[in-house]
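Take a look at the structure below.
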Amino acid sequence: MSLKDIHNLDYTILLCRDMAATRAFYDDVMGFPVEHDSPTWVSFRVGATLLTLRPRGASPGGEDGPATPGSASVQLAFRVPPPAVDACHGELVAKGVPIMRPPTDLPSWRHRTLFFRDPEDNVIEIYAEY
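The numbering of the sequence shown is the numbering used here, which starts it at 1012 and goes up by one.
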């Protein structure tokens, strides 16, 4: 086996300055089910993948380095059926989540998109293909 034989992304880890706020966001706002929960490692089930949170700092892979406040480290894109983009927008607004860009059609991509941020300033996209 070689690197080119990798075909699956098993989990994504978000490095957190504020574990409690980020955990609450993905649990209460996004509604993702918790798969594992400990003070330094929280995993949410998102389909066949895990979205995992851990504190910034030292890890088995080394030191993460400082985060730049206001800068995203990652953009997460979640695909939904076309009518769900507007429904998700309504839910987010009702929960008080600031919206970066409301539902918008991007004809060149054939996507309807919605953008907002999590407590770590990561960009979250909910989109549908049309």
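Cβ atoms here follow ideal geometry from the backbone N, Cα and C, with glycine treated the same way.
Which of helix, strand or coil DSSP assigns to Ala1083: Here residue 1083 refers to the residue found at position 72 of the sequence shown. Coil, per DSSP.
Helix, strand or coil for His1018 per DSSP? Your numbering for residue 1018 matches position 7 in the sequence shown. In this structure, His1018 counts as coil in the three-state DSSP scheme.
Quick one: is Asn1019 buried, meaning 16 or more other Cβ sit within 10 Å of its Cβ, or exposed? Along the sequence shown, read from residue 1 onward, the residue named residue 1019 stands at position 8. The residue in question, Asn1019, is exposed, as its Cβ has fewer than 16 Cβ neighbours within 10 Å.
Just the C-alpha distance for Glu1046 and Phe1055, rounded to the nearest angstrom, thanks. Position 35 of the sequence shown, counting from 1, holds the residue named residue 1046. Position 44 of the sequence shown, counting from 1, holds the residue named residue 1055. Going from the Cα of Glu1046 to the Cα of Phe1055 covers about 5 angstroms.
When the distance is taken between beta carbons, is Arg1028 closer than 7 angstroms to Ala1069? Numbered from its first residue, the sequence shown carries residue 1069 at position 58. Numbered from its first residue, the sequence shown carries residue 1028 at position 17. Contact: no.
Inter-stretch contact at 8 angstroms, needing at least 3 Cβ pairs: the region 1081-1094 / the region 1105-1115: no
Give the secondary structure of Asp1116 by DSSP, where H, G and I count as helix, E and B as strand, and everything else as coil. Taking the sequence shown and counting its residues from 1, one reaches residue 1116 at position 105. Reduced to three states, the DSSP call for Asp1116 is strand.
Excluding five sequence neighbours on each side, which residues of the same chain lie with their C-beta closer than 8 angstroms to the C-beta of Trp1052? Reading the sequence shown from its first residue, position 41 is the one you call residue 1052. Result list for Trp1052: Thr1063, Leu1064 and Arg1065, in chain order.
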